[in-house]
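Peer 1:
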Amino acid sequence: MYFESTLTERNGEREYSHHYLIDADDFEDALEKIKQCAIDWYEGADVIYDEEKDCLSFFSGEVLVTVSDPVQTTLEKYFERLKDIYLIE
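If you count by the working numbering, then the sequence shown holds residues 4 to 92, one letter each, in order.
#1: Between which two residues does the alpha helix (DSSP H) containing Phe30 stretch?
#2: Can you give the Cα-Cα distance for Glu35 and Phe6, rounded to whole angstroms?
#3: Would you list the one or two residues that DSSP bridges to Phe61?
#4: DSSP three-state call for Ile91: helix, strand or coil?
#5: Indicate whether Glu12 and Tyr23 have their beta-carbon atoms separated by less than 7 Å.
#6: Taking contact to mean 3 or more Cβ pairs, one atom from each stretch, closer than 8 Å, check whether the region 68 to 76 and the region 29 to 43 are in contact.
Pasting the structure below:
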């Protein structure tokens, strides 16, 4: 099964979004994989789940990463969406 999810990183006043396609057995597996992906960005940094802000917190709150709930998709739908967003004609 395939899922889509977005990681949104807030670093000071800057915000970055990264969209991912996840190959997973089910929703819970996809959620675990995307959270691990976020944690791997800052390998070696202490990570805390900030319940108040509903996000992962790194470097004592200096960097916050929000994980969107994975949504089931197909490869065709995923690549069609990417084409709609990024194709310059």
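Each residue gets a CB set at the ideal place from its N, CA and C atoms; glycine is no exception.
Peer 2: A quick look at the data gives this:
#1: 30 to 44
#2: 12 Å
#3: Val50, Val66
#4: coil
#5: no
#6: yes
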